[in-house]
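Quick note on the numbering used here: the sequence shown kicks off at 1 and runs consecutively. The beta-carbon is built from N, C-alpha and C at its ideal position, and this holds for glycine as well. Computed from a prediction, not measured in an experiment: that's the story for all the values here. Remarks on the structure that follows.
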Amino acid sequence: MNIIRQKTGWIEVICGSMFSGKTEELIKRIRRAEYARQKIQVFKPVIDNRYAVDRIVSHSQMSASSINITKPEEIYEHLEEDTQFIGIDEAQFFDESIVDVANELARQGKRVVIAGLDQDYMGKPFGPMPQLLAVAEYITKNLAICMKCGNPANRTQRLTKDSDTILVGADEIYEARCRNCHEILE
1 MNIIRQKTGW IEVICGSMFS GKTEELIKRI RRAEYARQKI QVFKPVIDNR YAVDRIVSHS
61 QMSASSINIT KPEEIYEHLE EDTQFIGIDE AQFFDESIVD VANELARQGK RVVIAGLDQD
121 YMGKPFGPMP QLLAVAEYIT KNLAICMKCG NPANRTQRLT KDSDTILVGA DEIYEARCRN
181 CHEILE
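This is the structure:
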């Protein structure tokens, strides 16, 4: 029995390093919502074209349909009235307006599940993720396995000397590393 008499929305954030299973966890939650026959819409930044244009895809090749957007406000243009579950992948690539959009969607009674890197390749907070973590009702921090020593890894090691904060790639450019094995290449 539902004792809450109004539509209640909330924000869930799934964060961690590269190869920690963030997108895979988002897809698992999407699948559960599908089993519950909820109306689902999934969004990702257009910049993330690693595996597919119209799908979010985990490194293990799990996938779900998605809509590409360039800025968070575009979610409203695509949002269908009866949508109950909104998934957003690679949130670190959006600007700070993703926080206001997520909050507004939750106020409208939507379940908003957001996945993204919480740290950049230098180990610093990444984009809007700290603010999303601050406003979320639920937070899941995933750890990967360090590719050097096998310990739990919460950092992303860039393997190139490119210094752009945003450099889209997979295992050809990045590895998961623990605190002790992570290095910043100069």
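Secondary structure of residue i, DSSP reduced to three states
i	result
E12	strand
Q119	strand
R179	coil
F126	coil
F94	coil
N68	strand
T188	This structure cannot speak to residue 188, because the chain is shown only from 1 to 186.
Distance between beta carbons of residue j and residue i, contact taken as under 8 Å
i	j	result
Y121	R158	4 Å
I98	S58	With 8 Å as the limit, I98 and S58 do not qualify as a contact, their Cβ atoms being about 21 Å apart.
L132	A102	7 Å
K22	G116	7 Å
C-alpha gap between residue i and residue j, whole angstroms
i	j	result
T160	E81	44 Å
I30	G127	24 Å
C181	N49	29 Å
P130	L143	17 Å
Q119	C146	15 Å
K39	C149	43 Å
G87	E96	17 Å
I67	N154	28 Å
V113	I14	8 Å
When the options are compared against residue i, the one with the closest alpha-carbon
i	options	result
K7	A136, L105, D48	L105
Y174	S97, E183, M129, M18	M18
I69	I47, A144, G116, S58	I47
Environment of residue i [buried if 16+ CB atoms lie within 10 Å]
i	result
A52	exposed
I56	buried
S20	buried
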